[in-house]
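Below you'll find the structure, written out as structure tokens, and then a few comments.
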Amino acid sequence: MLSGKHYQKDQVDTVTTVHQPGSSFKPYVLTAAFEQGILPTAIYSGVQGVIPDPRCMTNGQPWVVTNAEGTSLGSMNLYDATAYSVNAVFARLILDVGPENVVAVAHEMGITTPLPAVCALATGSVGISPLDQASGYQTLADGGIHCKPFAVAEVLRGDQILYRQRPDCQQVVPAPIANLVNDLLKGPVTYGTAASVFSSGWGKWPIRGKTGTAQDNTEVWFAGYTPQVVTAVWVGSQGRPYPLADYWGYDVFGATVAAPIWKAFMLNVLQGYPAERFPAAGLTTVPNVIGKPLAEARQLIRGAHLQTAAQVVPSYLPAGTVVTQLPSAGTQVVPTQVVTVSVSNGVAPIVTLPDVVGSTLSSANGALGAIHVFVTVVDQAVKQSAKSGIVLSMSPVAGTKVKEGSSVTLVVGVGPKPSPSPAPSPSPSPSPGNGKGHGGGGGGNTALAFVSRAVP
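Under numbering that gives the first Met the number 0, the first residue of the sequence shown carries the number 0, and numbering increases by one thereafter.
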């Protein structure tokens, strides 16, 4: 820990005092979003301006959000919004996530400072300490396992261990969620706000990180990590915050001041550490479990890194069989999300037959299939082509109450069949020749056959 230039004089520990983290707080919003099933491919507007949500009003005034560049941007997914640190996107994202859920996740990940459940969390307009920031990012670096920070690992006297700290660690974020956040935090250092810092002069180590700039450029951050080491850098005034441009002579951001400090420091720290890859991350596909026994369905869902919630419903299917599922099979979702399945109790419910007479066979199948009634089709010849493919009658009739899984007979019109097209005249056979131009010494013959389905 480095606690400030004038600690002996001021006795102000800048590592443990709180400062506005700016956009370096956004990983906590992402973590909360993914835990709720929001996809990283979700599209949000990057248009800056008023966010007309009553939850975001302060003293009766609406929340006005601006992007760092001061300009509106188009719609984008969360990968790009994270890489380019687009405030307007995160302002809309936190409305879907809920500020209170962001607070809960941030505290679980290691932020000890009390946080207000306000929309401004999306842009980091709250106070946290650099130590808390490093602690929170450590949770991501370790795949969702948070370890309480400590300063002394062990005390030795010669070969004798006088004291050894026992790490206090627990899984607070599901590993697939942490890996997904890590995947998004690759963007800022590879093609986003801090890419220019790490495009050259960086070593072999894969890194993840996020820049942060407080309002009016009074404080700047860069927090980042490898799988082995986490560092958070804050640059600002120990006293009353003032725009850092007053000191540097130009507007400064997390990428222009804090990130280069982080880079220089970590290049020394990482010497001797191997280049360790981050675990692979991505979405998972919901398996098809309809018609499966519940035990098998749970196994398939668990194999896709998802969770199961089951409810029992009346159904004609054998007891214990999955009747419906949500999300549907083939849907791409964030790992650890819940797949809700309805499981048959083996007792077929009573359903009322809808009136499908006059409907097309396709429409009738849809209406009857929705109430789990089987259909038997009987064709009946009709003279009018308009009645072809139309349900002429049904048995039992509409309004009859039957058990789910019963069968309904539909009489469907089959119109007159079109007359066949006349067969083309066969080509005349060529006269025997002398073999020239026919690939051989003898003459060639051509035959043409036309086959048509017989029509009564």
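Glycine included, each C-beta is placed from N, C-alpha and C at the ideal position.
- Per DSSP, the unbroken alpha helix (DSSP H) holding residue 301 starts and ends at 293-302.
- Runs of the beta strand (DSSP E) spanning 3 or more residues and lying entirely within the stretch 194-220 occur at 207-212, in chain order.
- Going by beta carbons, residue 288 and residue 322 fall outside the 8 Å limit.
- Here the C-alpha atom of residue 407 lies approximately 16 Å from the C-alpha atom of residue 379.
- Cβ neighbours of residue 89 within its own chain (closer than 7 Å, five residues either side excluded): 25, 28, 80, 121, 122.
- Residue range 349-351 is occupied by the beta strand (DSSP E) that includes residue 351.
- A Cβ-Cβ distance of about 5 Å is found for the pair residue 15 and residue 130, placing them in contact under the 8 Å criterion.
- Judged by DSSP secondary structure, residue 318 falls outside any beta strand (DSSP E); it is assigned neither H nor E.
- It is roughly 11 Å from the alpha-carbon of residue 187 to the alpha-carbon of residue 211.
- Cβ-Cβ distances below 7 Å link residue 196 to 254, 258, 259, 262 in the same chain, with the five nearest sequence neighbours on each side left out; the list follows chain order.
- Separation of the CB atoms of residue 329 and residue 292 is rounded to 21 Å, and the pair is thereby denied contact status at 8 Å.
- Beta-bridge analysis with DSSP links residue 50 to 62.
- For residue 262, the uninterrupted alpha helix (DSSP H) segment begins and ends at 258-268.
- Each residue's CA atom was taken as its position, placing residue 250 and residue 21 some 15 Å apart.
- As computed with DSSP, residue 246 is found in no beta bridge at all.
- The beta carbon of residue 397 sits closer than 8 Å to the beta carbons of 352, 353, 354, 355, 356 from its chain, once the five residues preceding and following it are set aside; these are given in chain order.
- Here the alpha carbon of residue 86 sits roughly 41 Å from the alpha carbon of residue 296.
- Under the three-state reduction of DSSP, residue 160 is assigned to strand.
- Cβ contact annotation for residue 411 (same chain, cutoff 8 Å, sequence separation greater than five): 360, 376, 377, 378, 379, 388, 389, 390, 391, in chain order.
- Rounded to the nearest angstrom, the gap between the Cα atoms of residue 364 and residue 404 is 14 Å.
- The beta-carbon separation of residue 347 and residue 402, rounded to 4 Å, stays under the 8 Å limit for a contact.
- Comparing alpha carbon positions, the residue from 232, 204, 132 closest to residue 148 is 132.
- Beta-bridge pairing by DSSP links residue 231 to 222.
- Short of 8 Å from the beta carbon of residue 151, and not among the five residues preceding or following it, lie these beta carbons of its own chain, in chain order: 162, 164.
- Excluding its 5 nearest sequence neighbours in each direction, residue 83 has C-beta neighbours in its own chain below 6 Å: 191, listed in chain order.
- If you check the CB distance, residue 343 and residue 316 come in under 8 Å.
- With the rule of 3 Cβ pairs closer than 8 Å, the stretch 300-316 counts as touching the stretch 332-342.
- With respect to the 8 Å criterion, residue 171 and residue 112 are not classified as neighbours on the basis of their beta carbons.
- If you ignore the 5 residues before and after residue 36, its C-beta comes within less than 6 Å of the C-beta of 333, 336, all in its own chain and listed in chain order.
- Contiguous beta strand (DSSP E) elements confined to the stretch 96-154 occur at 144-146, taking only those with 3 or more residues.
- Residue environment analysis places residue 277 among the buried positions, since at least 16 neighbouring C-beta atoms fall within 10 angstroms of its C-beta.
- The three-state secondary structure of residue 382, taken from DSSP, is coil.
- Residues 62 of the same chain have their beta carbon placed closer than 8 Å to that of residue 56, with the five preceding and five following residues left out of the count.
- DSSP places residue 14 outside both helix and strand once states are collapsed to three, so it counts as coil.
- As DSSP reads the structure, residue 306 sits in a beta bridge with 337.
- Secondary structure at residue 28: helix, using DSSP grouped into helix, strand and coil.
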